[in-house]
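Colleague:
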Amino acid sequence: MKKFQFILFVLLFLSGCSNLNPVPSSTTYEPQQKDVINNHGGIENIEQIDQFVNNINNGENDEVRIIHYTIEGDPIIWDLTYDGTSIQSRYDTTYDKFGSGKVEKHSCERITKSEMDTEIAYKLECNGQQEDVLTVQYDTEKQDKFEFHFKYGVDKKNEVDTANQRLVKDLQNGEVSTVSDFQFNRKELNQIYKAMVLTNYLDQKDLSNSCNKKPYESYELTIWINGGERHFEWTECDISKHGLQMNKMKNNILHVIRDNETYKSLPPTKGVYQ
Numbered sequence: 275m276k277k278f279q280f281i282l283f284v285l286l287f288l289s290g291c292s293n294l295n296p297v298p299s300s301t302t303y304e305p306q307q308k309d310v311i312n313n314h315g316g317i318e319n320i321e322q323i324d325q326f327v328n329n330i331n332n333g334e335n336d337e338v339r340i341i342h343y344t345i346e347g348d349p350i351i352w353d354l355t356y357d358g359t360s361i362q363s364r365y366d367t368t369y370d371k372f373g374s375g376k377v378e379k380h381s382c383e384r385i386t387k388s389e390m391d392t393e394i395a396y397k398l399e400c401n402g403q404q405e406d407v408l409t410v411q412y413d414t415e416k417q418d419k420f421e422f423h424f425k426y427g428v429d430k431k432n433e434v435d436t437a438n439q440r441l442v443k444d445l446q447n448g449e450v451s452t453v454s455d456f457q458f459n460r461k462e463l464n465q466i467y468k469a470m471v472l473t474n475y476l477d478q479k480d481l482s483n484s485c486n487k488k489p490y491e492s493y494e495l496t497i498w499i500n501g502g503e504r505h506f507e508w509t510e511c512d513i514s515k516h517g518l519q520m521n522k523m524k525n526n527i528l529h530v531i532r533d534n535e536t537y538k539s540l541p542p543t544k545g546v547y548q
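Just add 274 to the spot in the sequence shown (first one is 1) and you have our numbering.
This is how it looks when you write it as structure tokens:
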């Protein structure tokens, strides 16, 4: 009888401990389609947290999940839920093998977004204290190396090559205009790097080179970042998730190129592709 009572006491004790410090049912977490993912600077689905901030400002109920991956590859899950009055924060480190293994919950008043030349920062305000929810950095001066070669347009006749300081504009009449000592200023480089970071350029992309229209624009982008290299090829017809991401990035890069003073000094296009 005493042995049975001892076993029952142990079982109840262990049960109480598991409630205080819950252990996930699985040792891994599979990201969901709308999760905002921060994987060592690689950002996915940042538009979800932007929508969350906008909805709160408009008084609309909403929720968002942010996944921060540790150096070891473990996810830390941060859930934010707005109920029309306050933001409920749930910070889950139970999947982190080297973390505290706890779930922390508290109520917050608001979330803010600040956008600067080198970073975007989202912060929670909770009981007069600020918490960093997500910071996206795109400061090229903090990189050992940042160069890219971008070819675009019909037959990819337009080029920007920062490594060789080369700019080529297709005049669309069989001629091109070339600058052999072209350079972006630091602000322009940061804007281009920002477009790449927000597209999660470090991730693998499933892109298509095919297009069922003529003529069509195609794109080729090679990025050299620190000791690494990334290469992408796609067309305007690629409407897959990754294709749409890359086309949005392309538009942002082209906006910077076309606002550049050297580019604006080049001759205008003299023809139109039919």
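In this text, a Cβ means the ideal position worked out from N, Cα and C, and glycines have one as well.
Taking the alpha helix (DSSP H) that His516 falls in, what are its first and last residues?
Modeller: Indexing the sequence shown from 1 puts residue 516 at position 242. That run of the alpha helix (DSSP H) goes Lys515 to Asp533.
Colleague: Where Asn321 and Val530 are concerned, what is the direct C-alpha to C-alpha distance, given to the nearest angstrom?
Modeller: As a first step, residue 321 must be located in the sequence shown, where it is residue number 47. As a first step, residue 530 must be located in the sequence shown, where it is residue number 256. Before going further, note that residue 321 is Glu rather than Asn in the sequence given. Cα to Cα, the separation comes out at about 21 Å.
Colleague: Counting only the same chain and skipping the five closest in sequence on each side, list residues whose C-beta sits under 6 Å from that of Thr473.
Modeller: Along the sequence shown, read from residue 1 onward, the residue named residue 473 stands at position 199. Closer than 6 Å at the Cβ level, and outside the excluded window around Thr473, lie Gln519 and Met523.
Colleague: Do the CB positions of Trp352 and Ile361 come within less than 8 Å of each other?
Modeller: Stepping through the sequence shown from its first residue, residue 352 is reached at position 78. Stepping through the sequence shown from its first residue, residue 361 is reached at position 87. No, they are not a contact pair.
Colleague: Considering Leu463, what are the terminal residues of the alpha helix (DSSP H) in which it resides?
Modeller: To locate residue 463, count along the sequence shown from 1; it is residue 189. Run containing Leu463: Arg460 to Leu472, per the alpha helix (DSSP H) assignment.
Colleague: Less than 8 Å between C-beta atoms, sequence neighbours within five positions excluded: which residues of the same chain meet that for Asn293?
Modeller: Taking the first residue of the sequence shown as position 1, residue 293 is located at position 19. Its pLDDT being 35, under 50, Asn293 is placed unreliably in this model, and the coordinates cannot settle the point.
Colleague: From Leu441 to Val453, what does the alpha carbon distance come to, in whole angstroms?
Modeller: Taking the sequence shown and counting its residues from 1, one reaches residue 441 at position 167. Taking the sequence shown and counting its residues from 1, one reaches residue 453 at position 179. Roughly 5 Å between the two C-alpha positions.
Colleague: Does the distance from the C-beta atom of Leu476 to that of Arg504 stay below 8 Å?
Modeller: In the sequence shown, the residue the question calls residue 476 occupies position 202. In the sequence shown, the residue the question calls residue 504 occupies position 230. The answer is yes: Cβ separation under 8 Å.
Colleague: At a cut of 8 Å, does the stretch 533-547 reach the stretch 497-513 through at least three beta carbon pairs?
Modeller: Short answer: they don't touch.
Colleague: Taking contact to mean at least 3 C-beta pairs separated by less than 8 Å, is the stretch 480-497 in contact with the stretch 397-413?
Modeller: These segments do not touch.
Colleague: Looking at Val327: is its Cβ nearer than 8 Å to the Cβ of Lys387?
Modeller: On the sequence shown, position 53 is the one that residue 327 refers to. On the sequence shown, position 113 is the one that residue 387 refers to. Yes, they are a contact pair.
Colleague: Could you check which residue in Asp366, Val428, Ser451 and Arg460 has the C-alpha nearest to that of Thr436?
Modeller: Position 162 of the sequence shown holds residue 436. Nearest of Asp366, Val428, Ser451 and Arg460 to Thr436, Cα basis: Arg460.
Colleague: Would you say Glu346 and Lys376 are within 8 Å of each other, going by their C-beta atoms?
Modeller: Position 72 of the sequence shown holds residue 346. Position 102 of the sequence shown holds residue 376. Taking 8 Å as the Cβ cut-off, Glu346 and Lys376 do not qualify as a contacting pair.
Colleague: Please list, in chain order, all residues of the same chain as Ser299 whose beta carbon is under 8 Å from its beta carbon, the five residues on each side excluded.
Modeller: Start at 1 with the first residue of the sequence shown, and residue 299 comes out as number 25. Residue placement at Ser299 cannot be trusted, given a pLDDT of 42 that sits under 50; what the coordinates show is reported in the next sentence. Closer than 8 Å at Cβ, skipping near neighbours: no residue.
Colleague: Pull the bridge partners of His314 from the DSSP assignment, please.
Modeller: As a first step, residue 314 is located in the sequence shown; it is residue number 40 there, counting from the start. In DSSP, His314 forms no bridge with anything.
Colleague: Once DSSP output is grouped into helix, strand and coil, what is the label at Thr509?
Modeller: As a first step, residue 509 must be located in the sequence shown, where it is residue number 235. Three-state DSSP puts Thr509 in a strand.
Colleague: Assuming Ala469 contacts Ile527 (C-beta within less than 8 Å), just tell me the rounded distance between them.
Modeller: As a first step, residue 469 is located in the sequence shown; it is residue number 195 there, counting from the start. As a first step, residue 527 is located in the sequence shown; it is residue number 253 there, counting from the start. At roughly 5 Å, the Cβ-Cβ gap stays under 8 Å, so Ala469 and Ile527 are in contact.
Colleague: Could you check which residue in Gly333, Phe420, Tyr412 and Gln465 has the C-alpha nearest to that of Arg532?
Modeller: Indexing the sequence shown from 1 puts residue 532 at position 258. For Arg532, the nearest C-alpha among the options comes from Gln465.
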